[in-house]
Amino acid sequence: IGLKKEEKVEPGNFETMCNPVGQAYLLNEEKTDFNIVVGLCVGHDALFFRYSKAPATVLIVKDRVLAHNPAGALYCSEGYYEKKLNINR
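What follows is the structure in structure tokens.
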């Protein structure tokens, strides 16, 4: 998109970019019947819903608390979160 090196979070390194509108267009081309959103943050999911022709729902949302690892709580359910939630097994 034309970012200069000094405009990046870590100049000189590769950066990925979220493109929820492009994702919606891609799935529209595939004529999907139903879309399940995984890992988009609030705002980007709204853009996806706006441009998706098929109905859509959210399965897992991106969360800064989990360092943008949307399934982190699931992976840690028998460790860190088990203790935090007082789950007795």
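Just so we're aligned, residue 51 is where the sequence shown starts under my numbering, counting upward by one. Cβ atoms here follow ideal geometry from the backbone N, Cα and C, with glycine treated the same way. Just so it is clear, the structure is predicted and the values come from calculations on it, not from any experiment.
For residue i, the first and last residue of its enclosing beta strand (DSSP E)
| i | result |
| --- | --- |
| Ala106 | 106-110 |
Three-state secondary structure (DSSP) of residue i
| i | result |
| --- | --- |
| Asn85 | strand |
| Leu135 | coil |
| Phe98 | helix |
| Ala123 | helix |
Span of the alpha helix (DSSP H), counted from its first residue to its last, around residue i
| i | result |
| --- | --- |
| Gly72 | 70-79 |
Proximity of residue i and residue j at Cβ, strictly below 8 angstroms
| i | j | result |
| --- | --- | --- |
| Val88 | Ile110 | yes |
| Lys54 | Gly62 | no |
Inset, instruction - Kindly confirm or deny that the stretch 96-106 and the stretch 62-78 touch, where touching means at least three C-beta pairs closer than 8 angstroms. - result: yes
Legend entry - Sufficient close CB pairs (3 or more, under 8 angstroms) joining the stretch 122-129 to the stretch 84-97: no
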